[in-house]
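Chains as they are written, first to last, in UniProt numbering: chain R, 1 to 245; chain E, 1 to 245; chain L, 1 to 245; chain F, 1 to 245. These notes are about the structure you will find just below.
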DNA sequence: CATGAATGAGACTTCATTCAT
DNA sequence: AATGAATGAAGTCTCATTCAT
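Put into structure tokens, the structure is as follows:
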């Protein structure tokens, strides 16, 4: 991100005066809003400039172009969110506590700015030929790093299962969160995000725990039995009513 | 979907000749590809026409416009996927088998056409004022319906936890799948999707099970079963040797 | 018009079978409706074809193109209207009666088909480079011929003034009629066209009569006097109130 | 009109710089020419831009679109013509003088820009669903207001007949003028518009006068006047010769 | 520094018209 | 005789981007 900043701010025109820095912040803020609301394609530099109250040309004198501005918006946002999680992480807490913290913070932080940014990242991040590609990947790695560390630590202490690749577990954690966030935006129904967060932690934690092989197998056995019995009973019932004689 | 079809074909110019139908199919195919690759905004009617090998005007004589074409692409794709899942679902299988089937099929079907369509739906579906909005919602409901039924059935038979809203469980299931799919596309590393599917099923199933199963009771059940089986087998064996014919 | 018909019907493809003639009539009818409703530019061959219930290609096999069709529509319409006036004109009536008949018929006939055709002629007739130019001029001459004859006759018998070019009198007659027709269409207020016609006849007839030089001059004198008196009185009044002493 | 102006300028991009205003004027001028020549539909933004010597994009940065430009053209033109008539109207003149002034000015002003604008207004004004509809109606009312006032005044002073609705008289006046203007444009023959104007005034005035003036009474009035004048002149003459200094 | 002004490139869309069948 | 199918040409409009002032 630092090299991004340098690139954006230095290659163009403006020395790093304090006024200049404020301008950059204003533009980034407006850009964040507009990109989040409209998505990359539908956002226009005109609207961003207008929200800042400057001319389009000014925007282009601080940023090389729309794409760079978008890249900066995304990276700033990632920075904030990463900092918030890294700073707040209860280092002395249990693995489960740390895990819960991350999930909770993620959901909270995302919803502060609506899910626009989130899906911006997801949609635009996917596009190849988008120049952002590399930096974005780096950011995403940094972003998921805290969770990865927690999970790895959990594996070492036997609290997290080791029979599944970490990458899959990451999907297992972030996937539902994104999904929940989308639903929260789509449905105007104001989901109680705190309640949802706690439930999600519980569900996820259940999935992440080492399989108590016995119990799981037993449960499976019970389920199979149960199914078999039900099917038998249904069949018996059918026969009875079908053949009254 | 049927009214979509009617709307698209016929209102414009071409009666339902056989050649006409083929053209429609060709355009839909090209549209699917391009929309999937580029997303709605970056896709151009020019490129779609060019891939079919016709002029843009031809495309517009079969579909009212870019948006309608996109809507048709999405709905056709949903139709396929829904049909595949509804038709293939093992109705006599256990809840777990059905669940596993859905997850597996989902991952497979999505990857046939790349993740483009998937994220197209997600990105475009999110945008309000997109006119597609309503039909899309309906399709998504139909799409997730099988899973919802399976989960609900599982809850009735005590195999799926009831302490969490179904909606959250849906996010819990589809979220990771989407995430996995994105990773699969992003990283060119060809993940073995079948293996991943099995692992995902296991993780998810663990999350969905009722919490705190009574281990002791389960063990007792198992023992009773075991005993019963053994007795049965012994009896069978005895019979077999008694009646060689 | 006859050469138009020949041109349209012969140069293309269709021999003059009775079926073919019916087709031509149908298309002309639909064309009349659409051109009248939409104006030349906004009318589309597609809509015309659709109203007839044939394909666009069929329309083009009977008429060389949109422009020719429009020309035919206009000329047919002129034919009708001219015939109606020529046939109905009371040859034994007085000049005033004949004049009144023409005005009345004009207003009636125009309103049968709405003012669309009327303004179509006026708008499109004006456009140079419209190919219709020449034929249209000829038609308009034929169209106004009855009126011109009546007026000329009136001049010979001393019932119509001779101090004004016939051309100007034509404008004097047709101008108000067109204006009235436009107002009738614009305002949905259903003007009683018959009453308006009678009033118009009276106004126009007054204008067309030879100036009884004495009377006119006298009237003018009276008006001037009247004005002078009023001004004087106003001035006196002002003075009185201004200078109370 | 003012809200039109505000709407057009400013909402798009350019603040009201001096250069900007000139551009607006240039574009309006070119727009006026092109719309007048071609009519609304056949006019193209490309041609307008080309005549100004700028790119199409520039035109669209000053006006929201073709329609708004056309609306502005029409309203500017109306403004000019209304101002010219309102400013020049001889307020102290007789009713006939005022009437003659309006007719003369109308014909002159219209011909300055050809009849294109005139028929543009008439053709486009007629089209329903044209968005211009409302503003246009208002403008037309303002435009005909001076004439209406003069006629009403004439009615009060007995110089204009009262047995016919004002609306019909308006058609009676504007109708022939439009017709004359069209003929003037169609026929390249350069009509002497001043002569025509005077003749038209005479014809129209004849139509507007109260019917059946009492010739006898008028003659008596004239004789009285005449006698009075003669007496006055004789007296004046006497005085003049009596007091030579 | 900031911006007013301009624009090239390209998007979607419409429609009269042609032609093989 | 009729038409299904296709399209070239053109139109309106949008927007990121540049540059002289």
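Even glycine gets a Cβ: it sits at the ideal position worked out from N, Cα and C.
Output yes if chain L places a C-beta closer than 9 Å to the C-beta of residue i; else output no.
i              : result
residue 110(F) : no
residue 178(F) : yes
residue 211(F) : yes
residue 206(F) : yes
residue 60(F)  : no
residue 230(F) : no
Mapping DSSP to helix, strand and coil, what is residue i?
i              : result
residue 84(E)  : helix
residue 11(L)  : In this predicted model, residue 11(L) has a pLDDT of only 49, less than 50, meaning its place in the structure is not dependable enough to derive any value.
residue 16(L)  : coil
residue 179(F) : helix
residue 146(L) : helix
residue 31(R)  : helix
residue 54(E)  : coil
residue 164(R) : coil
residue 5(L)   : Here residue 5(L) scores only 43 on pLDDT, less than 50, and its place in the model is too uncertain to base an answer on.
residue 200(R) : helix
residue 192(E) : coil
residue 71(R)  : helix
residue 91(L)  : coil
residue 49(F)  : helix
residue 158(E) : coil
residue 21(E)  : helix
residue 65(E)  : coil
residue 212(R) : coil
residue 234(R) : helix
residue 43(R)  : coil
residue 113(E) : coil
Which residue wins for smallest C-alpha separation from residue i, given the options the options?
i              : options                           : result
residue 220(R) : 170(E), 158(E), 40(E) and 20(E)   : 158(E)
residue 36(F)  : 24(L), 33(L) and 123(L)           : 123(L)
residue 152(E) : 165(E), 142(E) and 140(E)         : 165(E)
residue 111(E) : 167(E), 209(E) and 181(E)         : 181(E)
residue 43(E)  : 203(E), 116(E), 99(E) and 96(E)   : 116(E)
residue 223(F) : 223(L), 206(L), 226(L) and 218(L) : 218(L)
residue 27(L)  : 163(L), 169(L), 41(L) and 66(L)   : 66(L)
residue 155(L) : 139(L), 49(L), 99(L) and 80(L)    : 99(L)
residue 163(R) : 177(R), 142(R) and 207(R)         : 207(R)
residue 80(E)  : 96(E), 142(E), 184(E) and 227(E)  : 142(E)
residue 175(L) : 204(F), 161(F) and 160(F)         : 204(F)
residue 20(F)  : 51(F), 62(F) and 40(F)            : 62(F)
residue 146(L) : 25(L), 95(L), 241(L) and 18(L)    : 95(L)
residue 168(E) : 169(R), 178(R) and 225(R)         : 178(R)
residue 139(R) : 77(R), 113(R), 184(R) and 97(R)   : 77(R)
residue 201(R) : 107(R), 215(R) and 84(R)          : 107(R)
State yes or no: is the beta carbon of residue i nearer than 9 Å to at least one beta carbon in chain R?
i             : result
residue 39(E) : yes
Using beta carbons (cut-off 9 Å, strictly below), is residue i in contact with chain E?
i              : result
residue 42(R)  : yes
residue 8(R)   : Reliability fails at residue 8(R), whose pLDDT of 42 lies under 50, so the model's placement of it is uncertain and the value that follows must be treated cautiously. Answer no: the Cβ-Cβ gap between residue 8(R) and chain E never drops below 9 Å.
residue 105(R) : no
residue 32(R)  : no
Can you check whether the C-beta of residue i is within less than 9 Å of a C-beta belonging to chain F?
i              : result
residue 226(L) : yes
residue 171(L) : yes
residue 69(L)  : no
Q.
With three or more C-beta pairs closer than 8 Å as the rule, is the segment 88 to 96 of chain L touching the segment 133 to 143 of chain L?
A. No, because fewer than three Cβ pairs between the segment 133 to 143 of chain L and the segment 88 to 96 of chain L fall closer than 8 Å, the two stretches do not touch.
**Q.** Stretch pair the segment 27 to 43 of chain F + the segment 64 to 75 of chain F: three plus CB contacts closer than 8 Å
**A.** Taking a cut-off of 8 Å for Cβ pairs, the segment 27 to 43 of chain F and the segment 64 to 75 of chain F touch, as three or more such pairs fall below it.
(Q) I'd like to know if the segment 225 to 238 of chain R and the segment 229 to 238 of chain E are in contact, where contact means that at least 3 CB-CB pairs between them fall below 8 Å. (A) Verdict: no, contact absent.
Q | Contact the segment 95 to 108 of chain E vs the segment 43 to 56 of chain E: 3+ CB pairs below 8 Å | A | By the criterion of at least three beta-carbon pairs nearer than 8 Å, the segment 95 to 108 of chain E is not in contact with the segment 43 to 56 of chain E.
Q. Touch check for the segment 140 to 150 of chain L and the segment 194 to 207 of chain F: three-plus C-beta pairs under 8 Å?
A. No, the segment 140 to 150 of chain L is not in contact with the segment 194 to 207 of chain F.
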